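Colleague: I am attaching a structure below and will ask some questions about it afterwards.
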Amino acid sequence: MRLDVVTIFPEYLAALDVSLVGKAAKSGLLDVRLHDLRQWTYDRHRTVDDTPYGGGAGMVMKPEPWGEALDTIAPADDSAQPRLIVPTPAGRPFTQELAYELAAEPWLAFACGRYEGIDARVAAYAGERMRVDEVSIGDYVLNGGEVAVLVMVEAIARLLPGVIGNPESLAEESHSGDGLLEYPVYTKPPSWRGHDVPEILLSGNHGAIASWRHDESVRRTAERRPDLLAAWGDTLAQQDDAAA
Ligand SMILES: O=C(OCc1ccccc1)c1cn[nH]c1
Numbered sequence: 003m004r005l006d007v008v009t010i011f012p013e014y015l016a017a018l019d020v021s022l023v024g025k026a027a028k029s030g031l032l033d034v035r036l037h038d039l040r041q042w043t044y045d046r047h048r049t050v051d052d053t054p055y056g057g058g059a060g061m062v063m064k065p066e067p068w069g070e071a072l073d074t075i076a077p078a079d080d081s082a083q084p085r086l087i088v089p090t091p092a093g094r095p096f097t098q099e100l101a102y103e104l105a106a107e108p109w110l111a112f113a114c115g116r117y118e119g120i121d122a123r124v125a126a127y128a129g130e131r132m133r134v135d136e137v138s139i140g141d142y143v144l145n146g147g148e149v150a151v152l153v154m155v156e157a158i159a160r161l162l163p164g165v166i167g168n169p170e171s172l173a174e175e176s177h178s179g180d181g182l183l184e185y186p187v188y189t190k191p192p193s194w195r196g197h198d199v200p201e202i203l204l205s206g207n208h209g210a211i212a213s214w215r216h217d218e219s220v221r222r223t224a225e226r227r228p229d230l231l232a233a234w235g236d237t238l239a240q241q242d243d244a245a246a
């Protein structure tokens, strides 16, 4: 997979060179290219922002540098075009499902907005030749899209074959498919500072262990994410109907 990231803080994305993503990049699974948006500015102050039409506080990122960045990274006359992801609080939710979808793409480009955002015509212009998704990693506001890109790239890269050492560990994690949160995990020692590992996990009774883990997943989901439990209940009902 090719990954392009356009930002006014390329050093923010240096983290992509370490850990899993760094290893994937070195092993050729990922072709990560960072671009400084100011490369496409020509005034003395390398201006990337201006005041918003219609008034209001803050500044908006000018369209011109973005248009030139996109034209350099993905020339309009190339048949191959990236899927453009624009992190923003106003985006569609980033989910494990979307991470899987994006992990199947051959080429992703990320546009890191700052200030109050990027002139809306940039997404419209890009949309003339590539798929554009405005995506939110959560209901809070950051100063820029860079951290959101780190979050999304890590969630996506770990799904690429060969990046994760043990693919089985993908199957049982939270949000990985059954719609419930992951059960609590334990390792040695069996007793630690007055806290013991639940006996069932030391029993070797795999049926009982699986049942305990499912019950713990349901309990935790009910406690922390009743929204997911409702969805999970609906899914079960649909499965029952389908089986009936
Ligand atoms: O703050 C975020 O992105 C940076 C950004 C982009 C555009 C305008 C303001 C801020 C964000 C929050 N959840 N997901 C993304």
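The sequence shown begins at 3 in our numbering and counts up one residue at a time.
For glycine and all other residues, C-beta sits at the position ideal for the given N, C-alpha and C.
None of the values given here were measured: they were computed from a predicted structure.
1. Between V20, P108, Y127 and G24, which lies nearest to P67 when the distance is taken from Cα to Cα?
2. By alpha-carbon positions, which one of V199, P84 and S21 ends up nearest to I3?
3. Report, in whole angstroms, the separation of the C-beta atoms of I158 and A113, which I expect to be a contact under 8 Å.
4. For the alpha helix (DSSP H) containing A17, list its first residue and its last residue.
5. Quick one: grab the DSSP three-state call for V155.
6. Where are the alpha helix (DSSP H) runs, 4 residues long or more, that stay fully inside the segment 26 to 94, in chain order?
7. What does DSSP give as the partner residues of L110 in its beta bridges?
8. Within 8 Å, do at least three Cβ pairs link the segment 182 to 201 to the segment 52 to 66?
9. Just checking, does the segment 142 to 159 make contact with the segment 189 to 205 on the three C-beta pairs under 8 Å criterion?
10. At a cut-off of 6 Å, would you count A150 as near ligand 1, judging by its Cβ distance to the nearest heavy atom?
11. Tell me which residue opens and which closes the beta strand (DSSP E) that D135 is part of.
12. Please report how far the alpha carbon of W42 lies from the alpha carbon of E70, in whole angstroms.
13. So, is E148 buried or exposed, given that buried needs 16 or more other C-beta atoms within 10 angstroms?
14. How would you label S219, buried or exposed, when you count the other beta carbons within 10 angstroms and need 16 or more for buried?
15. Just checking L89 against ligand 1 - is the residue's beta carbon closer than 6 Å to any of the ligand's heavy atoms?
16. Could you work out which residue in L5, D217, L238 and K25 is closest to P255 when comparing CA atoms only?
17. Taking the C-alpha atoms as reference points, what is the distance between R40 and A59?
18. For V124 and I75, what's the separation of their Cα atoms in angstroms?
19. For L31 versus G164, is the C-beta distance shorter than 7 Å?
20. In terms of DSSP beta bridges, what is H197 paired with?
21. To which residues of the same chain is W214 closer than 6 Å at the C-beta, ignoring the five residues directly before and after it?
22. Applying the criterion that 16 or more other CB atoms from any shown protein chain within 10 Å of the CB defines a buried residue, is D121 buried or exposed?
23. So, are the CB atoms of E136 and G93 less than 7 Å apart?
Modeller: Straight from the coordinates:
1. Y127
2. Looking at the sequence shown, residue 3 is not Ile but Met. Out of V199, P84 and S21, P84 has the C-alpha closest to the C-alpha of M3.
3. 16 Å between Cβ atoms; not a contact.
4. A17 -> no alpha helix (DSSP H), and no H or E assigned at all.
5. helix
6. 65 to 75
7. L5 and R85
8. no
9. no
10. yes
11. V134 to S138
12. 6 Å
13. buried
14. buried
15. Here residue 89 is Pro; the residue named in the question, Leu, does not match the sequence. Yes; taking the cut-off as 6 Å, the Cβ of P89 has a heavy atom of ligand 1 nearer than that.
16. With the chain represented from 3 up to 246, any question about residue 255 goes unanswered, as that position is not in the structure.
17. 23 Å
18. 14 Å
19. yes
20. W194
21. I202
22. buried
23. yes
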